[in-house]
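Working notes, structure below.
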Amino acid sequence: IHVMYIIATRVVFDVFDIKSLVFKLQVFLIYSNRVKVATLIRHEIFKVFNKAGIEIPFAQRDVHFDTSGGPLEIRLAKGEDS
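Here the numbering used here is used: the first residue of the sequence shown is 3, the next is one more, and so on.
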């Protein structure tokens, strides 16, 4: 069993990003496996956000087709593994 001692935590409002507000969670602790602690904290944040109905947005992309050669022919086809 690994024992973790959290010494202090704080949330810092870091920056206004192009499409988001960026916060940093700073955790000061005594523990031997930093990666494991970071993973545990991220999972817990995700669970708390889900419970509160907070969704994490993902970047959306626009796709532009070159129609300078005329209209595009678009067909929907059923895939082989469907």
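Glycine included, every Cβ here is placed at the ideal spot set by N, Cα and C.
Secondary structure of residue i, DSSP reduced to three states
i: R12; result: strand
i: T69; result: coil
i: F51; result: helix
i: I56; result: coil
DSSP bridge partner residues for residue i (one or two, in chain order)
i: L27; result: V13
Contact set for residue i: own chain, Cβ-Cβ below 8 Å, skip 5 residues either direction
i: D16; result: V24, F25, K26
i: I43; result: L27, V29
Contacting residues, own chain, Cβ-Cβ under 7 Å from residue i (five flanking each side not counted)
i: R12; result: Q28
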